[in-house]
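Notes to accompany the following structure.
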Amino acid sequence: MWHTLLNWPWGTVWSAVSALGSIVTVTLGFWAMNVWRRQEALKAKMALKMAVADYSNALSQLPLSLSRNVRIEKRAELRELNHKLNAVNNAFLIC
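First residue of the sequence shown: 1, per the UniProt record's numbering; consecutive thereafter.
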């Protein structure tokens with residue numbers, strides 16, 4: 001077997017080395033893309049969890065009874081709550 005391999009022309013040997021290098025490069029590329037995809041999915045899940053936590057925190061700061069007077073008084077907090085709900089919806093759509 002070694003006798004056959006050693007008698008190959010150098011062009012064939014370097015072509016084989018180049019092909020093996022290409023195979024290794026493609027394999028590493030697929031592996032890197034797979035890791036990147038999992039990392040992006042994890043980032044999206046973490047963003048959703050953070051958005052839900054922010055929404056929950058803002059919701060817990062509001063009074064239990066939202067009468068008309070309280071709604072007028074807490075208009076800024078309700079607007080912020082609406083923005084946080086939109087952030088939760090956007091994070092959910094990204095997941």
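Ideal placement from N, C-alpha and C gives every residue a C-beta, glycine not left out.
Taking Cβ to Cβ, would you say L93 is nearer than 9 Å to A58? Looking up residue 93 in the sequence shown gives position 93. Looking up residue 58 in the sequence shown gives position 58. Annotated as distal: L93 and A58, with beta-carbon spacing of 9 Å or more.
Under the rule that 16 or more other beta-carbon atoms within 10 Å means buried, what is K84, buried or exposed? On the sequence shown, residue 84 is found 84 positions in, with the first residue counted as 1. Residue environment analysis places K84 among the buried positions, since at least 16 neighbouring C-beta atoms fall within 10 angstroms of its C-beta.
If you follow the alpha helix (DSSP H) that L48 is part of, which residue opens it and which one closes it? For the purposes of this step, residue 48 is taken as the residue at position 48 of the sequence shown. According to the DSSP assignment, L48 belongs to the alpha helix (DSSP H) that extends over W10 to S60.
8 Å Cβ shell around A55 - same chain, five flanking residues per side excluded: In the sequence shown, residue 55 corresponds to position 55, counting from 1. It is worth fixing the name first, because residue 55 is Tyr in this sequence and not Ala. If we look at Y55 and ignore the five residues flanking it on each side, its Cβ neighbours are L81, K84, L85, A87 and V88.
N7: first and last residue of the uninterrupted alpha helix (DSSP H) it sits in: Translated into the one-based positions of the sequence shown, residue 7 becomes position 7. Note, N7: premise wrong, no alpha helix (DSSP H); not H, not E.
Which of helix, strand or coil does DSSP assign to K74? Within the sequence shown, the letter at position 74 stands for residue 74. Here K74 sits in coil by DSSP.
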